[in-house]
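K.L.:
Number of protein chains: 2
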Amino acid sequence: MSRALNRSSFVDAALAVIAEVGVERLSMRRVAGQLGVSAMAMYKHFANKDELLAAAFEEFIARADVLPDTQLDWDQWLEKLAINMYNALSADMSWVSILGSLRLGGNAIAVTDSFVNKLGEAGFSAEVSVRAYMAMIQLVVGAVCMRASLQAEVGREGRRKVVVSELSPITRSYLQNADRQRLAIAPALEAVVSDEPISMGLPLLISGLRQQLAAAD
Amino acid sequence: MSRALNRSSFVDAALAVIAEVGVERLSMRRVAGQLGVSAMAMYKHFANKDELLAAAFEEFIARADVLPDTQLDWDQWLEKLAINMYNALSADMSWVSILGSLRLGGNAIAVTDSFVNKLGEAGFSAEVSVRAYMAMIQLVVGAVCMRASLQAEVGREGRRKVVVSELSPITRSYLQNADRQRLAIAPALEAVVSDEPISMGLPLLISGLRQQLAAAD
DNA sequence: GCATTGCGTTTACAGTGTAAACCTTGTTTA
DNA sequence: TAAACAAGGTTTACACTGTAAACGCAATGC
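Chains X and F, in that order, are what the protein sequence lines are. Numbered according to my numbering, the first sequence spans residues 324 to 540. Numbered according to my numbering, the second sequence spans residues 324 to 540.
(1) Taking Gly-524 of chain F as the reference, which of X:Leu-328, X:Ala-355, X:Arg-352, X:Val-453 has the closest Cα?
(2) Is Ala-538 of chain F helix, strand or coil when you go by DSSP?
(3) Can you give the Cα-Cα distance for Val-334 of chain F and Asp-388 of chain F, rounded to whole angstroms?
(4) At the 8 Å Cβ level, is Val-340 of chain F part of the contact set with chain X, yes or no?
(5) Write down the C-beta distance between Met-276 of chain F and Leu-401 of chain F rounded to the nearest angstrom, noting that I regard them as a contact closer than 8 Å.
(6) Are the CB atoms of Ile-529 of chain X and Ile-406 of chain X nearer to each other than 8 Å?
(7) Flag this pair as yes or no: are the beta carbons of Val-344 of chain F and Ile-421 of chain F separated by less than 8 Å?
(8) Let's test the definition: count the other Cβ atoms within 10 Å of the Cβ of Glu-541 of chain X and tell me whether it reaches 16, buried, or not, exposed.
(9) Assuming Val-340 of chain X and Arg-353 of chain X are in contact, meaning their beta carbons sit under 8 Å apart, how far apart are those beta carbons, in whole angstroms?
(10) Is Phe-438 of chain F near the ligand MG, with its Cβ less than 7 Å from a heavy atom?
(11) Around the Cβ of Ser-437 of chain F, are there at least 16 other Cβ atoms within 10 angstroms (buried) or fewer (exposed)?
(12) I'd like the list of long-range same chain contacts for Glu-382 of chain F, defined as Cβ closer than 6 Å, with 5 residues on each side in sequence excluded.
(13) With distances taken Cα to Cα, identify the nearest neighbour of Tyr-409 of chain F among F:Ala-342, F:Leu-349, F:Val-464, F:Ala-538.
(14) Whose Cβ in chain X lies nearer than 8 Å to the Cβ of Gln-534 of chain F?
(15) Tell me, to the nearest whole angstrom, how far the beta carbon of Val-419 of chain X is from that of Ala-337 of chain X; I am working on the premise that it is less than 8 Å.
(16) Determine the DSSP secondary structure at Asn-407 of chain F, reduced to helix, strand or coil.
(17) Could you spell out the range, first to last residue, of the alpha helix (DSSP H) harbouring Asn-371 of chain X?
(18) Looking only at C-alpha atoms, which of F:Ala-455, F:Arg-348, F:Ile-432, F:Leu-395 sits nearest to Gln-535 of chain F?
(19) Which residue wins for smallest C-alpha separation from Gly-428 of chain F, given the options F:Asp-373, F:Gly-356, F:Ala-377?
(20) In or out: Arg-479 of chain X buried (at least 16 other Cβ within 10 Å) or exposed?
(21) Is DSSP giving Asp-396 of chain X helix, strand or coil here?
(22) Which chain F residues are close to Met-469 of chain X, counting only those with a beta carbon under 8 Å from its beta carbon?
(23) Using a Cβ-Cβ distance cut-off of 8 Å, determine whether Met-351 of chain X contacts chain F.
(24) Kindly list the residues whose CB is nearer than 7 Å to the CB of Lys-403 of chain F, restricted to its own chain and excluding five residues on each side of it in sequence; keep chain order.
(25) Between the C-alpha atoms of Ile-384 of chain X and Ala-431 of chain X, what's the straight-line distance to the nearest angstrom?
(26) For Phe-447 of chain X, report the span of its alpha helix (DSSP H) as first-last.
(27) Under the rule that 16 or more other beta-carbon atoms within 10 Å means buried, what is Asn-440 of chain F, buried or exposed?
(28) Does Pro-526 of chain F come out as helix, strand or coil in the three-state DSSP assignment?
(29) Quick check: is the beta carbon of Gly-345 of chain F nearer than 8 Å to any beta carbon in chain X?
(30) Compare the C-beta of Met-523 of chain F against all C-beta atoms of chain X and say whether one is closer than 8 Å.
(31) If you count every other CB in all the chains shown that lies within 10 Å of the CB of Gly-531 of chain X, and 16 or more means buried, which is it?
(32) Are the C-beta of Pro-391 of chain F and some C-beta of chain X separated by less than 8 Å?
(33) Quick one: using the 10 Å Cβ neighbour count with 16 as the cut-off for buried, is Met-363 of chain X buried or exposed?
(34) Less than 8 Å between CB atoms is the rule here; does Arg-348 of chain X satisfy it with respect to chain F?
(35) How would you write the range of the alpha helix (DSSP H) that Leu-390 of chain F sits in, first residue to last?
(36) Starting from Gly-356 of chain X, trace the alpha helix (DSSP H) both ways and give me its first and last residue.
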């Protein structure tokens, strides 16, 4: 039969399925069906579904092509990288639902390496660079998670009013001790939801790094 | 029969199941079994599994009791809050696997409100406060995600060597253009994994905020 | 006393991941 | 060349999932 099937055929098919129906609806049978092949065929190439997903995510990272132009200064480079990552993940947002259970692969680590290299050239120590990378990727991942949550929330039944009666006893008592019966913040939060979530932490992170660099000189 | 069953009985049972086997192995039948009741019983109290999970997470947040002592200064208060959140999520790490698909509830928003209030007292504008909150929670969520990933990775087959041959063509070509055949960063990364991931972004964020506060005066 | 309604039950169905055994090839070896 | 092997597919089977539909029973309101 179609004997050309190999690991990457299935990865391609998996990415196609994900683009179409999202990660959470990916099933072995569906991916196999994409290639007109039985589900069990994949088990000759992948130990299990998790391994298939990990491989697909690795390929996703590679294709996303997130590394910015090397000519940029470290701060712009960092910002661009974060935005690229955020955009890539936002476009296929269903990845977030399994980000926490994915295994890191070589491609993910290669990106880290480039980052540390770039900041190293700018005068940052390796340790600070790694910390900065962690912070950046945490911001990106967290932002995508939030975006997914907020979007689901908004899409469900329009904006939802938050009232104190919905709160748990613990939190409610806290609020009452704070002498407030209403959540003043709700409107501000809503205004912010429509903004790009990644634009919040990033400037703070970069300005913190600049300060650190200046202090070291 | 045990007619005392209500929404919160099931939430309690769900939290018990999660503590025992993790979120990803929670099933309606298992939760119901915990109460000696049929699975379908829950559908009289929750529209579906997602709603049950959302309710369980709300209760989880309330019980986590993350809000720090109000007497603390804003920076220490922020740091403590982030650490509390991180610890709470780390203890029941399986939440991360669905963090991206959870719906936000009143409890989550109440924490936001307290945060903005605290920073408001310290002289931050509402807008900066909200941004800071977003950044903080993104760091926390991202850190937990990373921790989960890294832990899974390390637990799988010991430390894994990263070699260039495992990389995708795209990434490999980037690395070669960068005149490097080896990933120098691997050891540094490994050294960092055992550290507390949340300790990286947080100081950077706080120092960025301090700078912003000083500049506003 | 009777209807209604709340809250459980059982049954059923389509879909899941994957183990086990099998079949069909092209390749290696005696 | 015959025999053995291995790669990579197939079919069947199993335990498990979320949940729709119909049913039953007890407490409540008229």
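Even for Gly, the Cβ is constructed at its ideal location relative to N, Cα and C. Keep in mind the model is a prediction, meaning the values are calculated, not measured.
P.N.:
Walking through what the data contain:
(1) X:Val-453
(2) Helix, per DSSP.
(3) 17 Å
(4) no
(5) Outside the shown range of chain F (324 to 540) lies residue 276 of chain F, about which nothing can therefore be said.
(6) no
(7) no
(8) Since the first residue of chain X shown is 324 and the last is 540, residue 541 of chain X is not available in this structure.
(9) 5 Å
(10) No copy of the ligand MG appears in this structure; indeed no ligand is present at all.
(11) buried
(12) Val-334
(13) Of F:Ala-342, F:Leu-349, F:Val-464, F:Ala-538, the residue nearest in Cα terms is F:Val-464.
(14) The contacting residues are Ser-530, Gly-531, Gln-534.
(15) With 8 Å as the limit, Val-419 of chain X and Ala-337 of chain X do not qualify as a contact, their Cβ atoms being about 17 Å apart.
(16) helix
(17) Run containing Asn-371 of chain X: none; DSSP gives neither H nor E here.
(18) F:Ala-455
(19) Looking at the Cα atoms, F:Ala-377 is the closest of the given residues.
(20) Caution applies to Arg-479 of chain X, whose pLDDT of 44 falls short of 50 and renders its modelled position unreliable; the value that the coordinates give is listed next. When all chains shown are included, Arg-479 of chain X counts as exposed.
(21) coil
(22) In chain order: Met-457, Ile-460, Gln-461, Val-464.
(23) no
(24) Pro-391, Leu-395
(25) 7 Å
(26) Taken as a continuous stretch (DSSP letters only), Phe-447 of chain X belongs to no alpha helix (DSSP H), as it is neither H nor E.
(27) Under this definition Asn-440 of chain F is a buried residue.
(28) helix
(29) No, because no Cβ of chain X sits closer than 8 Å to the Cβ of Gly-345 of chain F.
(30) yes
(31) buried
(32) no
(33) exposed
(34) no
(35) Run containing Leu-390 of chain F: none; DSSP gives neither H nor E here.
(36) 351-357
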